[in-house]
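Structure first, commentary second.
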Amino acid sequence: MPHIPLIAGNWKMHGLSQAVSEALAIDAAARQSSARIALFPPATLLHRLSQALAEAGSSIITGGQDCHCEADGAFTGDVSAEMLKDAGAGMVILGHSERRHGHGEPCALVAKKVLGALRVGLEPVICIGETLEERLAGETHAVLNRQLRASLPEELTGQVFHVAYEPVWAIGTGHIPTDEQVVDAMVLVKSYLEERFHGQVTPHVLYGGSVKPDNAAHLLTLDGVGGLLVGGASLKAADFNRIIAAA
Ligand code: PEP
Numbered sequence: 099m100p101h102i103p104l105i106a107g108n109w110k111m112h113g114l115s116q117a118v119s120e121a122l123a124i125d126a127a128a129r130q131s132s133a134r135i136a137l138f139p140p141a142t143l144l145h146r147l148s149q150a151l152a153e154a155g156s157s158i159i160t161g162g163q164d165c166h167c168e169a170d171g172a173f174t175g176d177v178s179a180e181m182l183k184d185a186g187a188g189m190v191i192l193g194h195s196e197r198r199h200g201h202g203e204p205c206a207l208v209a210k211k212v213l214g215a216l217r218v219g220l221e222p223v224i225c226i227g228e229t230l231e232e233r234l235a236g237e238t239h240a241v242l243n244r245q246l247r248a249s250l251p252e253e254l255t256g257q258v259f260h261v262a263y264e265p266v267w268a269i270g271t272g273h274i275p276t277d278e279q280v281v282d283a284m285v286l287v288k289s290y291l292e293e294r295f296h297g298q299v300t301p302h303v304l305y306g307g308s309v310k311p312d313n314a315a316h317l318l319t320l321d322g323v324g325g326l327l328v329g330g331a332s333l334k335a336a337d338f339n340r341i342i343a344a345a
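So the mapping is simple: our numbering equals the position in the sequence shown, first residue as 1, plus 98.
Set out below in structure tokens:
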């Protein structure tokens, strides 16, 4: 399993041109860290941000927040993995709960998008997570296993990809799972990966959901947590840099 944590900031639908200076301020902290740092700005900022970071000699990886599974075509409003790559991306978030639940994306579509990302060498960060109703109904393990099985395409073998465990009820709510709940999910993901890939892959398994500067260090000490996917607290360098410093 990888030893260097991956700290990823998902800016969601936030950020205008001025956000480039925020990314450069994040780069200042990234330079002091041995962690891999990734930023997922909105598509409109991806090229500008990637270029500014590259010009500054930054090691921050940029990524898209979603992609279409096809390379091009009549898909109004969509962006392909090829386009993300062309704009400077090295990664792409796929299957985020805001896509699964807000846009009705099923696991089978997520799996196709993963193949699209791998086609051009983007590292997919594949998100899974149960809703509160599913957790309360005792279905967490079944949901996570089902999402893993169906969102990781059959063609996946030794390529580089990552998995983010993001309980839907923890995203943007300030509610953090207990340590036991996080570790339980990490064990499940890692067992699944081991059983399916027999040690051929070494994905980062991230925790995401209400990560803040004050809980990041603790979350990173939990067994199996290989990094963090951060939403709200990645928007301001002042917050995200404290999370980077915790890694
Ligand atoms: C996310 O959207 O991936 C996320 C984890 O959001 P937040 O950190 O704001 O809960």
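Every residue gets a Cβ at the ideal spot worked out from N, C-alpha and C, and that includes glycine.
Bear in mind that the values here come from a model prediction, so they are computed numbers and not experimental data.
Cβ-heavy atom distance between V323 and the ligand NAP below 8 Å? Ligands present in the displayed structure are limited to the ligand PEP, and the ligand NAP is not among them.
How many angstroms separate the CA atom of S156 from the CA atom of N243? In this structure, the CA atom of S156 is about 37 Å from the CA atom of N243.
In terms of DSSP beta bridges, what is S115 paired with? Beta-bridge pairing links S115 to no other residue.
Have a look at P265 and L151 and give me their C-alpha separation to the nearest angstrom. 31 Å
Taking A315 as part of the alpha helix (DSSP H), name the residues at either end of that continuous run. A314 to T319
Is the segment 209–223 touching the segment 274–283, taking contact as three or more C-beta pairs under 8 Å? no
Which runs of the alpha helix (DSSP H), 4 residues or longer, sit entirely within the segment 222–259? The DSSP assignment places complete alpha helix (DSSP H) segments of no fewer than 4 residues inside the segment 222–259 at 230–234 and 238–249, in order along the chain.
Which residue from M189, F138, R247 and P222 puts its Cα closest to that of A206? R247
Using alpha carbons as the reference points, say which of Q279, Q257 and E203 lies closest to N233. Checking the displayed sequence, the identity of residue 233 turns out to be Arg instead of Asn. Ranking Q279, Q257 and E203 by Cα distance to R233 puts Q279 first.
Should G175 go down as buried or exposed, given a rule of 16 or more other Cβ atoms within 10 Å for buried? exposed
Does the ligand PEP have even one heavy atom less than 8 Å from the beta-carbon of E120? no
To the nearest angstrom, how far is it from the Cα of W267 to the Cα of H239? 15 Å
Start-to-end residues for the alpha helix (DSSP H) that takes in L147: A141 to E153
Assigned exposure category for H302 - 16 Cβ within 10 Å defines buried: So H302 ends up on the buried side.
Do Q130 and A343 have their CB atoms nearer than 9 Å? yes
Rounded separation between H201 and L320 - CA only: 32 Å
Residue environment, M189, which counts as buried when at least 16 other CB atoms sit within 10 Å: buried
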